[in-house]
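Inspection log for the structure reproduced underneath, given as structure tokens.
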Amino acid sequence: MAPAGVDALLAQFTCYRDVARIRWDISNVLTNVKTLSPAAGSLVLNTGEELHLATLAGTISISFRGASYNIPVEIFITKHYPESPPMAYVRPTKDMDIQKGHRHVDSAGMVYLPYLHEWEARSHDLVELCAAMSGVFGQDPPVYARSSSASSSAGGSFQSGGSSFPSGLSGGGNSTGPVSSAAYAGGKLGGWGGGAGGGADSPPSYAAATAAKEDPVEAARRDVTVKMTGTLQALYEDLRGKIDAEFDAQTALRENQVRLERDLQQAKEQRRHLSGLIPLAQEKKLELDSYAVERKAAAAAHAQPDAEDLVEARDPLSRQLLSLVAENAAIEDALYYLDQGITDGRLSTDEFLREVRRLTRRQFAARALANKVVAAQQQQQQQAQQRPQQQQQQHAGSYSPPPQPRWQPNQLPPIANGAPQLPPRRPSQQGQDAHWLRHPQQA
Numbered sequence: 001m002a003p004a005g006v007d008a009l010l011a012q013f014t015c016y017r018d019v020a021r022i023r024w025d026i027s028n029v030l031t032n033v034k035t036l037s038p039a040a041g042s043l044v045l046n047t048g049e050e051l052h053l054a055t056l057a058g059t060i061s062i063s064f065r066g067a068s069y070n071i072p073v074e075i076f077i078t079k080h081y082p083e084s085p086p087m088a089y090v091r092p093t094k095d096m097d098i099q100k101g102h103r104h105v106d107s108a109g110m111v112y113l114p115y116l117h118e119w120e121a122r123s124h125d126l127v128e129l130c131a132a133m134s135g136v137f138g139q140d141p142p143v144y145a146r147s148s149s150a151s152s153s154a155g156g157s158f159q160s161g162g163s164s165f166p167s168g169l170s171g172g173g174n175s176t177g178p179v180s181s182a183a184y185a186g187g188k189l190g191g192w193g194g195g196a197g198g199g200a201d202s203p204p205s206y207a208a209a210t211a212a213k214e215d216p217v218e219a220a221r222r223d224v225t226v227k228m229t230g231t232l233q234a235l236y237e238d239l240r241g242k243i244d245a246e247f248d249a250q251t252a253l254r255e256n257q258v259r260l261e262r263d264l265q266q267a268k269e270q271r272r273h274l275s276g277l278i279p280l281a282q283e284k285k286l287e288l289d290s291y292a293v294e295r296k297a298a299a300a301a302h303a304q305p306d307a308e309d310l311v312e313a314r315d316p317l318s319r320q321l322l323s324l325v326a327e328n329a330a331i332e333d334a335l336y337y338l339d340q341g342i343t344d345g346r347l348s349t350d351e352f353l354r355e356v357r358r359l360t361r362r363q364f365a366a367r368a369l370a371n372k373v374v375a376a377q378q379q380q381q382q383q384a385q386q387r388p389q390q391q392q393q394q395h396a397g398s399y400s401p402p403p404q405p406r407w408q409p410n411q412l413p414p415i416a417n418g419a420p421q422l423p424p425r426r427p428s429q430q431g432q433d434a435h436w437l438r439h440p441q442q443a
């Protein structure tokens, strides 16, 4: 049938979902298997449900013991094709019978093949199904010729598995025997499966075959076979799902492996780059350490001296005077904070007067002693200035020593050693009340 005829056939059905795939597979069958023709047929299931499906009816050629034979078959394209496999039946003619206990065909003619059990929509099709049936049936034909005088006079028969297979079908599928391809030419297969147009010579429909009385053993065997087939199909579906999941996991693992190898290569490159930077970092570290040592030495060379080290007395009188001046300044600061304390109310009047009296006595003594130290320094300076003149007079013979000053009872002797150290004076009070330290000539 031309592709247009296939489209007209498929237009009769609304149950198919993948019409394009079905059209493609039927066209391939018509191109490769010339003895099959598309038609509309009916299929009655064991549950009593009747399905109207597209079929491919005719014969397939087999080679058995060096001779070619044509096996009548009918292939039903199921509703969920190609997701679900098609259903194939052997349709014996009136001169044939199905072998009992056949491994791949039950008593109703239903075909069981590993190819159907392992059906995969992406890799299986109808052309390969026909090739699988041809190969399996060539090893073990599913039909045999009935014993009759007509068949015996037609040229005899040979035995195959205990049953005679009609020898009149030999000749590469071109014979005119009871099951020759001419018997199915011209679209006369409509009667198969309960369709219209069937004649007396047409093989019995599947509905009529199931309605006939069957052997209980064969019926039980068929039911067990159908049940096992369903169980196996469910098992295959489960295994197929698990295999697909494993393939997906394997694909993910391969992708992760590629990513990990790429990351490892990048890590190696970074390590190589960082290893090359280590000598440079060590060199820079040495430069920084050298620079830090140089800066530390320069800072030590230009360090600011301590303020206490800036003032150093030349002699004991100067050291004593410096101590007395510091004591006077410290007493001034103490008096200032006492005044703040009584103003803020943190000291009572008695405490304030007692501390002021004590500090002023000490301050008076420090000022008086400082005046005496200043006078002693001035006397030393005068003596230092007069010493060269005295030496000249001694050389000239006209020197007379100056009279020694007599000790006065009310005069305090100068302090040769340093006075007790007191806290330094506040900067805000420095310069105040220091006029008593000035030289008499500056007053």
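Be aware that the sequence shown starts at 1, since it is given in the UniProt record's numbering, and climbs by one per residue. The beta carbon of each residue, even a glycine, is placed where N, CA and C say it ideally should be.
V311 is positioned such that its CB atom lies closer than 9 Å to that of L322. Counting along the chain, E83 sits inside no beta strand (DSSP E), nor does DSSP assign it H or E at all.
Closest option to L45, judged by alpha-carbon separation, among S37, R23, A11 and Y89: Y89.
Rounded to whole angstroms, the gap between the alpha carbons of M96 and H102 is 15 Å. Of the other Cβ atoms in all chains shown, 16 or more fall within 10 Å of the Cβ of L126; this residue is therefore buried. In the three-state scheme derived from DSSP, where H, G and I count as helix and E and B as strand, P72 is classed as strand. In summary, C130 is buried, with 16 or more beta-carbon neighbours lying within 10 Å of its beta-carbon over all protein chains present. In the DSSP assignment, H52 falls outside any alpha helix (DSSP H) and within the unbroken beta strand (DSSP E) covering E50 to F64. Considering only Q320, G345 and D344, the residue with the shortest C-alpha distance to A376 is Q320. In the DSSP assignment, Y144 falls outside any alpha helix (DSSP H) and within the unbroken beta strand (DSSP E) covering V143 to A145.
If you draw a straight line from the Cα of R346 to the Cα of Y336, it comes to about 14 Å. About 6 Å separates the Cβ atoms of G41 and L53, confirming a contact at the 8 Å cut-off. Cβ-Cβ distances below 8 Å link I60 to V33, T35, L36, N70, I71, V73, C130, M133, S134 and F137 in the same chain, with the five nearest sequence neighbours on each side left out; the list follows chain order. Only buried fits P86, as 16 or more other CB atoms lie within 10 angstroms of its CB.
The C-alpha of S290 lies about 40 Å from the C-alpha of D263. Per DSSP, reduced to three states, the secondary structure at S275 is helical. One alpha carbon belongs to L51, the other to E255, and they sit about 47 Å apart. Comparing alpha carbon positions, the residue from P142, I77 and I98 closest to F64 is P142. E332 is positioned such that its CB atom lies closer than 9 Å to that of Q363. Counting along the chain, D97 sits inside the beta strand (DSSP E) bounded by residues M96 to I98.
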